[in-house]
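Colleague:
There are 2 protein chains.
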Amino acid sequence: MGKRNYHHGSLENDLIQKGLQLLTNVGLEEFSLRKVAEMCGVSNAAPYRHFSSKEALITAITTQVSNEFTSALDTVVQHHKGDFKKQIIEVSKLYVSFMVEHPQHFKFIFMMDHKMPITIKDGTFTEPERYIVSMFKTLFEGFRKEQNTELGSWSMDALSVWSLVHGFTVMLVNNTIAYEGSPSDAVETMVSRLL
Amino acid sequence: MGKRNYHHGSLENDLIQKGLQLLTNVGLEEFSLRKVAEMCGVSNAAPYRHFSSKEALITAITTQVSNEFTSALDTVVQHHKGDFKKQIIEVSKLYVSFMVEHPQHFKFIFMMDHKMPITIKDGTFTEPERYIVSMFKTLFEGFRKEQNTELGSWSMDALSVWSLVHGFTVMLVNNTIAYEGSPSDAVETMVSRLL
DNA sequence: CAAATAATGTTGACACTGTAAACATAAAAG
DNA sequence: CTTTTATGTTTACAGTGTCAACATTATTTG
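Protein chains in written order, with this note's numbering: chain A, 1073 to 1267; chain B, 1073 to 1267.
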């Protein structure tokens, strides 16, 4: 029953699953298509029937993680619907704590170039990684309602908050700084002051 | 005269120089020791007489860039000695504009794990990349003089500014966002409001 | 239902990588 | 001048992404 007979059945899914597993365990540097193939019990060239390149698989994995994380973010957003400040703070806390807990996720997500960057300033954006868009949406809409100003003004505030949260996270994950204490608390303090 | 006779003369320097060149041109992904060796007109194993691994060479290159950039930062710091706010703003502007102009530098610098992270909260730090320490120093000392408070309080402010500047830079360099306008101006606006 | 076709896996190869051991040459030290 | 040390070269190995030729199974079609 464990034996596979030539056809795997659901290789595409399994590649993503096992790929994420490998990425989480060994990181981006040590990640290799051949290892993933072996984990799936399949030959080295098999993945190419489902993904055109190593990068394509990583992109698929990224999307997977992205979706899961985005729904977690959305849950928080919905839960603090009335209170904009609280909403931002909780989203920020979730963001940093999630990434600190899953540093490998964060790395392989942000180490890849995004072909379609968000365009700020007019408030519209195409789709890069979903949680970024998700967080930006929350920020932009929140600031618009809160401050009731026109375009170009609130975008700077949203950008400030997002830069701060993201920047702090980057440094923690990359070991640029070692913060002694709860990153979640730190971000709460910083964002609170900023708002 | 262009001909080399067995010994290169100054391979170590040349490896760093040509390595930086390659890194700047093709980025971290395509960077390879063998290519650098060829650029130096030397065999593939030669670099190992000077660097124990590929990573060791990259570290050396990083240090090189780091030093140059740090002195540029220091110049700005000295130039605006009296005015703390101005000091921070100009350092921030230089930081973001330099990194946007040299995205590859930024990437290979920050994509590597730092073995010795800065320890904040008590204000002391070991040495990771020098420009980080340099900027942090400016921030910490500035806030201390400005606010005249004890430890633990101003560190949060310094961290906020640094997170914001760094985070904005990361997003620009990684193409997470596409800011329409001068990044330098944007950072000036954001840091000004934060201070 | 049988035959043709498409989807999926395998094998083997190629060029490239980091790295190490064995060897060669030139420079420095004695 | 001889010996030692520093530096380069050759060759090799294991691992990588990727591709072409081939094998097998699933799916569609006549």
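Note that CB positions come from ideal geometry on N, CA and C, so glycine has one too.
Note that the structure is a prediction, hence the values are computed from the model and not measured.
1. So, at 6 Å on beta carbons, what are the nonlocal neighbours of B:Phe1178 in its own chain, with the 5 sequence-adjacent residues on each side left out?
2. Below 8 Å on the Cβ atoms is my guess for B:Val1114 versus B:Gly1091; work out the distance and round it to an integer in Å.
3. Within its chain, find whatever has a CB closer than 7 Å to the CB of B:Leu1211; leave out the 5 residues flanking it on each side and keep chain order.
4. With distances taken from CA atoms, which of A:Arg1076, A:Phe1123 and A:Phe1156 is nearest A:Leu1087?
5. Does any C-beta atom of chain A lie closer than 8 Å to the C-beta of B:Ile1130?
6. At 7 Å on the CB atoms, spell out the chain B contacts of A:Phe1170, in chain order.
7. List the residues of chain A that B:Arg1265 touches, going by C-beta distances under 9 Å, in chain order.
8. Going by C-alpha distance, which of A:Glu1162, A:Phe1182, A:Phe1141 and A:Gly1099 is nearest A:Val1148?
9. Alpha carbon to alpha carbon, how far is A:Leu1100 from B:Gly1214?
10. Residues bridged to A:Thr1191 by DSSP?
11. Please list, in chain order, all residues of the same chain as A:Arg1076 whose beta carbon is under 7 Å from its beta carbon, the five residues on each side excluded.
12. Can you tell which of A:Thr1261, A:Leu1105, A:Lys1158 and A:Glu1173 has its C-alpha closest to the C-alpha of A:Leu1129?
13. Taking A:Leu1083 as the reference, give the member of A:Ala1117, A:Leu1095, A:Glu1102 and A:Val1098 with the closest Cα.
14. What's the C-alpha gap between B:Leu1236 and B:Gln1089?
15. Thinking C-beta only, is A:Pro1255 closer than 8 Å to A:Ser1169?
16. To the nearest angstrom, how far is it from the Cα of A:Gln1136 to the Cα of B:Thr1131?
17. Taking Cβ positions only, does B:Gly1288 come closer than 8 Å to chain A?
18. List the endpoints of the continuous alpha helix (DSSP H) containing B:His1177.
19. Any beta-carbon of chain B closer than 8 Å to the one on A:Pro1119?
20. Would A:Met1073 be called buried (16 or more neighbouring beta carbons within 10 Å of its own) or exposed?
21. Can B:Thr1096 and B:Gln1150 be called in contact, C-beta distance under 8 Å?
22. Relative to chain A, which residues along the region 1244 to 1256 of chain B have a C-beta separation below 7 Å, given in chain order?
23. Shorter than 8 Å from the beta carbon of A:Ile1088 to some beta carbon of chain B?
24. Quick check on A:Asn1077: does DSSP put it in helix, strand or coil?
Modeller: Short version:
1. Met1171 and Val1245
2. The Cβ separation is near 12 Å, so there is no contact.
3. Ile1160, Ala1230, Val1233 and Trp1234
4. A:Phe1123
5. Nearest CB-CB separation between B:Ile1130 and chain A: not below the 8 Å threshold.
6. Neighbours of A:Phe1170 on chain B: none; closest Cβ ~16 Å, over 7 Å.
7. Met1228, Asp1229, Ser1232 and Leu1266
8. A:Glu1162
9. 38 Å
10. B:Ala1250
11. Gly1113
12. A:Leu1105
13. For the residues A:Ala1117, A:Leu1095, A:Glu1102 and A:Val1098, the minimum Cα distance to A:Leu1083 belongs to A:Ala1117.
14. 32 Å
15. Yes, they are a contact pair.
16. Here the C-alpha atom of A:Gln1136 lies approximately 33 Å from the C-alpha atom of B:Thr1131.
17. Given a span of 1073 to 1267 for chain B in the structure shown, any question on residue 1288 of chain B remains unanswerable.
18. DSSP places B:His1177 inside the alpha helix (DSSP H), whose first and last residues are Pro1175 to Phe1182.
19. no
20. With a pLDDT of only 39 at A:Met1073, under the threshold of 50, the placement of this residue in the model should not be trusted, and no figure is reported.
21. Between B:Thr1096 and B:Gln1150, the CB-CB gap reaches or exceeds 8 Å.
22. From the region 1244 to 1256 of chain B, only Asn1246, Asn1247, Thr1248, Ile1249, Ala1250, Tyr1251, Glu1252 and Gly1253 have a Cβ closer than 7 Å to chain A.
23. no
24. Three-state result, A:Asn1077: strand.
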